[in-house]
Structure formats: C-alpha cells, structure tokens
Amino acid sequence: MISEIKKSGPIPFSDYMARCLYHPELGYYARPEAVTVSKEGDFITSVSVGPLFGKLLALRLHRFWLANGSPPSFSILELGAHDGSLACDLLAAASQIDPAFSKALSYLISEPLPSRRALLQSTLSDKARIISHPAEARYDIGALVANEVLDALPVPLLLFSQQQWHEVLVTVTDGKLDWDSRPTNPSSAGLPDLTLSQDYPEGYLTEGPPALHHFLSPLSECFEKALFLWVDYGLDAASLYHPARSAGTLRCFHKHRSNVHPLDRPGEQDLTADVNFSAVEQAASQLGLQAHPILNQSRYLTHCAKDWLLSQPSPKEISQFQTLTHPSQFGNRFYALELTKGEVLRAFP
Ligand SMILES: C[S@@+](CC[C@H](N)C(=O)[O-])C[C@H]1O[C@@H](n2cnc3c(N)ncnc32)[C@H](O)[C@@H]1O
C-alpha cells in the first residue's frame, strides 16, 4: 500500500479502510487462518456468545414465514457469515422449531472474498449455497440476515477545521503511512444537513455514511417479498453528529482491546464505525423498502424469545440470553433494524 500511495498520491480514508479489511490476500477479513471473531481473537459478537442468537433469529423468521402463508420455498440470505456459525445455529434451530419450516428453507451466503467463500463451502458443504454477489440470488420470498456487517463497511473520515469540512486522506511521509486532508463539501461527503447548521469545535472528527445505496441496491433486488434483519451497534444521525461527539466513532480492535490508531497494523486489526441507522433507513426507503421502528437488542431478542422463555430453557441458554440482552453487554449498545419489501405481514412483535 505504501508504494502504491507513493506512486499515485494520497487516498481517501474509505479506500484505505476497504484495503485494510478486504484486500483479497492481505485484508483483515480475507485471511481465514487469522483468528479474528472469537474469544481467542480480536473481538466477539452475538454469534460467538453461543447458538442461542441463531435460535432466536430462527424463531423470528419462523413467525414471519407462518404469517405469510408458510410458503413451500423460503430463502435466507446471510451476509458476513464469517465461519458459518450463525448459518449452522439457525438451520439447526429451524429443524427443532418446525420440520415444515426447515424443509422450506434454502440458505444462501453472499461472500465477496474468495478465500472466505472457500472456507464457508468446505465448512457448510451442502447446508448452504455460497455466492459471490447478491445478483446471483433471485427469489420470490425470503429473508436477509446480517449481524455486524454494516459497521464493517468502509466509511469516509471527515474533519471540521478552520470553519471548513475536510475529507481525511491517507498519505505517506518518510516511508510511513500518515494523515492528509482536502476541503470538501459536507453534502457531497454524505453528511446530513444538520452538520451545516451546527457549531462544531475546531478539530471535530466524524465519519460519513458508507456507500449505502451501492451496497443495498443489489440486495433489494434479491426478493420480491422479504424481511431484512440488520443487527449492529450504531446511532441515529442526530446523536452521531452531535457537536459533543468530537472524535467520531471509528475504532480499531486488536486482541479484545480497542484503540484509535487506524494507521497501525494495516490488515491486522479490525476497523469499524458505528452504523448511522438514519442513513440506512433513508437509503432503504429510496430503494422502496419499508423501515420499521428500531429496537435495542435487549427488547428485540426478548420479543423473539417469548415462546422459548416459556419452554424451560437450560441454564446454559439462560446464561447466553443474559449476555445477549443485558444492558452492560450486548443488550443496549446493539440494535435490530427490520426492513420489509413487498406486500408482507411483518408479524412483529
Ligand atoms: C464483524 S464481521 C461479522 C461476523 C459475523 N456476522 C458475526 O456476527 O460473528 C463483518 C463481516 O462482514 C463481511 N462483509 C463486509 N462487507 C460485506 C459485503 N458487501 N457482503 C458480504 N459480507 C460483507 C466481512 O467480510 C466480515 O466477515
């Protein structure tokens, strides 16, 4: 990367983030042998807490399937499937919940990285079809599931200095990666109007939204009728761009420690930013999808868990439920956003 930048000049931070995470050989997510998402790796997710997360999502999807006439074919498209754990948990739970539901299911994973596709194919074998782009999926009815994917989309980094917004760039100085910037127009950088009227302090740093239209557009075409379920950490635009949030939300994760040094260890640490849920809702509605009220993970999973809670769950599952819903763990910082497409009965709560 250093030699490329030396040759072609500074690159926008979003390009840098894309290369760090998704370079086909050296990217953080492209190396299946690297231990990243797990207790032994850099960070854990709701999926790594245990199989209960997949079971609760299976219960949610089962309700949606029933409400829409128990169609004989129902496709689940997962994004960011990582090592396939959520797929296994969800499919195993579906067969326990209702054999007819399980029989109707076909499971797809859209994974742009070839190395990860190969890993998923060998782990999941015939349990799932692995595709490289959502354009390969065309179904009548189904659901999309994505846990902690939106926070991993490359974002532009923006700086307010001398009464002017700047796009942050990555350059090379004395052979090392370094920061640079150039003036930008806040709306062309994807910042909402509220950033025009606020009185931001000198040095205020924030992230613009990722390329959401480009990301969501092919996904919106996968189904005629669907439920889209996004679970992630994030904020609405007013909170994200509050003048007091002066350092933005971009963070790096390495061995369960978070830091704010994105130019360190390119490709060896995770880079992530809070999801701007307002921007996701806006992009979705421009694509004809309907956004439903967002709930924190605690409330969302508690609604999904209604029947399961009455079924005398094991102490192990109760402990997973506590981790997933406790406000100091995954309960309050994570949110679930449901979108629907077409004439469907959402059946929630
Ligand atoms: C933080 S990991 C989430 C892992 C897993 N879902 C979990 O909850 O444990 C983010 C994942 O999103 C994937 N991702 C990012 N952009 C994607 C895209 N356009 N399509 C599919 N997956 C994507 C990354 O490759 C990475 O595996």
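Numbered per the working numbering, the sequence shown spans residues 155 to 503. Virtual Cβ for every residue (Gly too), placed ideally from N, Cα, C.
- One alpha carbon belongs to Gln316, the other to Val385, and they sit about 37 Å apart.
- Annotated three-state conformation of Ser482 is helix, per DSSP.
- Below 8 Å, too few C-beta pairs join the segment 429-442 and the segment 182-199 to call them touching: fewer than three.
- Ala241 is positioned such that its CB atom lies no closer than 7 Å to that of Ala248.
- Within the segment 158-195, complete alpha helix (DSSP H) segments of at least 4 residues are found at 167-176, given in chain order.
- Per DSSP, the continuous alpha helix (DSSP H) segment holding Ile251 begins and ends at 239-251.
- By the beta-carbon neighbour count (other beta carbons within 10 angstroms, threshold 16), Pro355 is exposed.
- Proximity annotation: ligand 1 has residues Tyr183, Val191, Thr199, Val201, Leu233, Gly234, His236, Asn301, Glu302, Val303, Ala306 in chain order, each selected because its CB is closer than 5 Å to a heavy atom of the ligand.
- In its own chain, leaving out the 5 sequence neighbours on each side, no residue places its CB closer than 6 Å to the CB of Glu422.
- When Ala501, Pro420, Ile198, Lys209 are compared, the shortest CA-CA separation from Asp332 is found for Pro420.
- With a contact defined as Cβ atoms closer than 8 Å, Leu404 and Ala427 qualify at about 5 Å.
- Sequence-distant Cβ neighbours of Leu370 in its own chain, meaning closer than 7 Å and more than five residues away, are Ala437, Ala438, Leu441.
- Taking 7 Å as the cut-off, the Cβ atoms of Leu274 and Ile284 count as close.
- In this structure, the CA atom of Pro372 is about 34 Å from the CA atom of Lys460.
- Ser168 and Ala297 have their alpha carbons spaced roughly 29 Å apart.
- Close CB contacts of Leu394 within its chain, under the 6 Å cut and outside five residues either way in sequence, are with Asn430 (chain order).
- Its chain contains Leu359 as the residues whose beta carbon lies nearer than 6 Å to that of Ala401, once the 5 sequence neighbours on both sides are disregarded; these appear in chain order.
- With contacts defined as CB atoms closer than 7 Å, Pro503 and His457 qualify as a contacting pair.
- Contact check for Thr199 and Glu302: beta-carbon distance about 5 Å, within the 8 Å limit, so the pair qualifies.
- In chain order, Asn450, Ser452 place their CB closer than 7 Å to the CB of Asn486, counting only its own chain and leaving out the 5 sequence neighbours on each side.
- In the structure shown, Pro469 adopts helical secondary structure according to DSSP, grouped into three states.
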